Every structure is written in structure tokens, then in C-alpha cells.
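Each remark here refers to the structure printed beneath this line.
In full-length UniProt numbering, the protein residues as written are 1 to 335.
Rendered as C-alpha cells:
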């Protein structure tokens, strides 16, 4: 464990954030979990957190778009893991203004508060979508940035803001760039939960968008370990670091693998409402993760096709639990 005793996790109520919160607590950290304020007083996935961490974190309900609340949440924290963001690509076509406010202004709020409070480290979350369609593979951190959706454009802007604070003010910022994370609790807007929930709900015709693009899928606990490695390593400040499996697979082959794991015969049906605009579709993602190994000592436990199958098995097991499956609307397209 590093010298950072108390950490703030923004987006702690989300898919990766909830897993990260649990892992940090198990590693001995004191965690303040920044959750999205709502009148139901719900903490997202932290309402269903594991029993061994329940009651062991401090919840702070707020809005990442509010600079005053963000600064208040950060007081007394040694480090910040900033995950709060709007991430659904289709919704960014629908409501790009909210992505500017949340992803760019929200990140500015974190950076400014961190600078003023002199926190010891800020880990800012990027995404492989900033690279757009691969111009070369595997994709290194030197790959050109391409805003192929309003979502990716706002994440590029947020990344550059974070780097500007490091270069202008020596703010201790590191940028983690996860590729396509999957696993328990993921939103059905993502392709793997979309496939699993449709099959688990009894559908034999599985509605998908484009199936030829490839992705580099990383199991959520491997991604979480990447965050903790970023936090604990002195080598991460001022760096952009890919967290991926260094393995690519097409969406179509992913669906076939899931159907094998679930022992179900399926037919893939093209649903045009799920297609991205032609020039917006990211055709290929494949991570070079050698920098993460070199600087952080991080490698995925579930890498390659065998690791991917193991991760899919774990994910299927979680989603096919009726208590979990009932939270999803498999008959509706979630943008």
C-alpha cells in the first residue's frame, strides 16, 4: 500500500467505480465515495456492494459539475481517482451538451480543487475511444487522438486539460486509459451485457449493431488493479498509460463465445438503431500494454483468449443470477 491514506473515488456508484471502491477498502485504504446526488438517496452499485466492505466507506452525494461540491468532497483526501463521466456513445449523439458539462467541466473541477487543496495525486480516467479507429496495432500511447464521437471528443479534451495542469502547475496527475472493460454490474448499453441479458432472457435472435469491429476487452478486476497500480506507483505522474489485454476479438466472435459459454444457439440480427454513423464507428481497438508493465508492473490476469473466456464465464454467472438479471431490460435498446 502507498502513502496515500485517504482517497476520493468519483463515479464510485458506477460499474468500475464500485468495484474499485471495494478493492481499495480491501487493500486498507480509507475511501470517500463520490456518488451522483439523487432524491432517492441511492448510491448506485454501492447499494449492492459486497458484505465485507459494506459500511466501511464514506459516501458523499454530489454532482461532478458543481465545483463547490467537488472541492468539499476532496477536503482531507490525499489522492483522487476520477472516474465520474458520461460514457455512452449513442447518448452523446443525442445530448452532447451534457458530455461537455460532465466530462470536460467536471474534470476541470477535479483538477482545480486538487490544485488548490494540494492533493498528492490525481488519477484521471481516459478511454481507448480517444484513439478512434486504429491506424496501427497494437495501439501505443503515442497513437494519434481522433474524436469520432462527441463522447470521445470530450474525453480527449478532459485528458488534455489534465495534462495541461501537470505541465502548467505541476499538479501530480496521471492518466489511466482503460480499453473495453467488462464484467459484473456493467450497463446494458455495453455489448457484452447486451448479448448476455438477451440470451439469459430467452431470446434466440440477438439484436446487435455492427459485428465486424474488434475490441480489446479487459475484465473489470484487471482494470481495477490497473487503477491501484497507477495510484501506488511514483512512475504514473505526467503519464498516459493504456490498460488493456493486448488481445483483440470481433463483436461477432464475442457473441459466439458467449453463446458457447451459455450453451445456447443464437442468431445475430442486425438492428439499425444500434449502428453508429459510418465515420463515427471505431473499427479496431487493440492495446499495447507494455508501458503499463514497464512503469507499473501491471499485466492482466485474464489475458488472451483463455483469459477472456474465463472473464466471460464469471460475467455470465453474475448476469444469470435472477436477482441481477431482473435489474436489466433485455427487450429494450439502452443508449
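For each residue, glycine too, the CB sits at the ideal point set by N, CA and C.
In this text, all values refer to a predicted model and were calculated from it rather than measured experimentally.
Residue from the options whose Cα sits closest to the Cα of residue i
i	options	result
residue 325	31, 125, 194	194
residue 68	98, 100, 116	116
residue 141	177, 187, 122, 158	177
residue 26	49, 120, 36, 217	49
residue 9	58, 3, 47	58
residue 268	22, 254, 180, 53	254
residue 98	82, 63, 138	63
residue 274	30, 91, 36, 66	91
residue 73	143, 36, 256	36
residue 32	38, 39, 18	18
residue 239	122, 94, 47	122
residue 217	291, 39, 300, 196	300
residue 124	271, 34, 155, 251	155
residue 16	220, 104, 290	220
residue 209	271, 222, 261	271
residue 53	23, 100, 60	23
residue 143	320, 289, 319	289
residue 153	100, 109, 165	100
residue 261	320, 292, 227	320
residue 345	47, 160, 170, 181	Nothing in the structure corresponds to residue 345, since the chain is present only between 1 and 335.
residue 227	181, 207, 160, 146	181
residue 96	207, 7, 151	151
residue 160	107, 200, 78, 207	107
residue 120	200, 146, 78, 109	78
residue 283	109, 7, 207, 146	146
Contact belief for residue i with residue j at Cβ below 8 Å, rounded distance in angstroms
i	j	result
residue 287	residue 242	5 Å
residue 215	residue 285	5 Å
residue 229	residue 297	7 Å
residue 237	residue 196	Not really, about 38 Å apart at Cβ, beyond 8 Å.
residue 252	residue 211	4 Å
residue 415	residue 104	Because the chain is modelled from 1 through 335, residue 415 falls outside the range shown and cannot be assessed.
Paired residues, beta bridge with residue i - DSSP
i	result
residue 218	181
residue 270	208
residue 6	30
residue 94	Partner(s): none; residue 94 has no beta bridge.
residue 284	214
residue 250	214
residue 124	82, 175
residue 36	62
residue 240	175
residue 139	287
Through-space distance from residue j to residue i, alpha-carbon basis
i	j	result
residue 130	residue 203	34 Å
residue 20	residue 277	33 Å
residue 329	residue 263	22 Å
residue 183	residue 224	11 Å
residue 332	residue 295	42 Å
residue 205	residue 126	34 Å
residue 76	residue 315	36 Å
residue 111	residue 191	32 Å
residue 139	residue 179	10 Å
residue 148	residue 133	8 Å
residue 136	residue 322	42 Å
residue 280	residue 128	14 Å
residue 65	residue 265	45 Å
residue 102	residue 172	22 Å
residue 70	residue 234	25 Å
residue 80	residue 198	37 Å
residue 186	residue 167	34 Å
residue 39	residue 327	20 Å
residue 256	residue 93	29 Å
residue 309	residue 3	36 Å
residue 55	residue 231	23 Å
residue 29	residue 5	6 Å
residue 118	residue 317	43 Å
residue 14	residue 82	12 Å
residue 338	residue 34	With the chain running from 1 to 335 in the structure shown, residue 338 is simply not present.
residue 222	residue 292	12 Å
residue 201	residue 11	29 Å
On the three-pair Cβ rule with 8 Å, is the segment 40-49 touching the segment 72-90?
The segment 40-49, when compared against the segment 72-90, does not touch it at the 8 Å Cβ threshold.
Using 8 Å as the cut-off, can you tell me whether the segment 240-249 makes contact with the segment 297-306, which would need three or more C-beta pairs spanning the two stretches below that distance?
yes
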